[in-house]
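Quick note on the working numbering: the sequence shown kicks off at 1470 and runs consecutively.
Where is the CB? At the ideal position from N, CA and C, for every residue including glycine.
Since we're looking at a predicted model, the values are computed, not measured.
A quick write-up on the structure given underneath.
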Amino acid sequence: MEDFEKMKKTKGGLMSFNNFLSTSRNREISFKNFARPAALNTNSVGILFIMNIDTAICTNSSTPFAEVSKVGYYKDKEEEILFTTHTIFRIDRIERIEDKNADRLWQVNLTLVGNQDDELNKLTAHLREESTWATGWARLGFILFKL
């Protein structure tokens, strides 16, 4: 819940997921099987991420993704798309979802960010300046720690 409180304060800012991101075009599967059950746990918040993905950004920014619905658990019902680690999104909107079964249920609207994003470019330049003392794995570790 602490991470979600931080996310609410960075509305309009950038965020990334630190592991592979499994997504679905099917809202009901995402909501019923993932967001709502998470909200029923007293130690967590249920979040339904709604993503605006421009495939041109994926192509131009070399953001790897794969349509894996044929091999996923739900097969074609889920319409699953898998994004690589550290794919970057902008947090557009965060709003509560009214639900009779859970009181900690939220919808977070995200937009995929590409290499042409000014804020991302400024952040990248700043991280490069901060990490000039390091090379190789040390530099990567420093950057991941900062993110």
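Three-state secondary structure (DSSP) at residue i?
i: E1564; result: strand
i: W1575; result: strand
i: I1470; result: A small fix is needed here, since residue 1470 is Met in this sequence, not Ile. It is coil, neither helix nor strand.
i: T1593; result: helix
Measuring only the C-alpha atoms, how far is residue i from residue j?
i: R1573; j: A1603; result: 42 Å
i: A1607; j: N1570; result: 47 Å
i: E1588; j: G1481; result: 10 Å
i: H1555; j: D1568; result: 31 Å
i: S1538; j: T1601; result: 42 Å
i: E1474; j: F1518; result: 15 Å
i: A1535; j: N1510; result: 31 Å
i: D1472; j: N1487; result: 13 Å
i: P1506; j: E1598; result: 43 Å
i: T1532; j: T1553; result: 7 Å
Within 10 angstroms of the Cβ of residue i, are there 16 or more other Cβ atoms? Answer buried if so, exposed if not.
i: E1549; result: buried
i: F1558; result: buried
i: F1614; result: exposed
i: V1540; result: exposed
i: E1547; result: buried
i: F1489; result: exposed
Using 9 Å as the threshold, is the C-beta distance between residue i and residue j below it?
i: K1477; j: I1612; result: no
i: N1521; j: L1579; result: yes
i: T1492; j: S1485; result: no
i: Q1576; j: I1566; result: yes
i: A1504; j: I1516; result: yes
i: D1523; j: G1583; result: yes
i: M1470; j: N1512; result: yes
4-residue-minimum alpha helix (DSSP H) runs that sit fully inside the stretch 1497 to 1565, ordered along the chain = 1505 to 1509, 1524 to 1529
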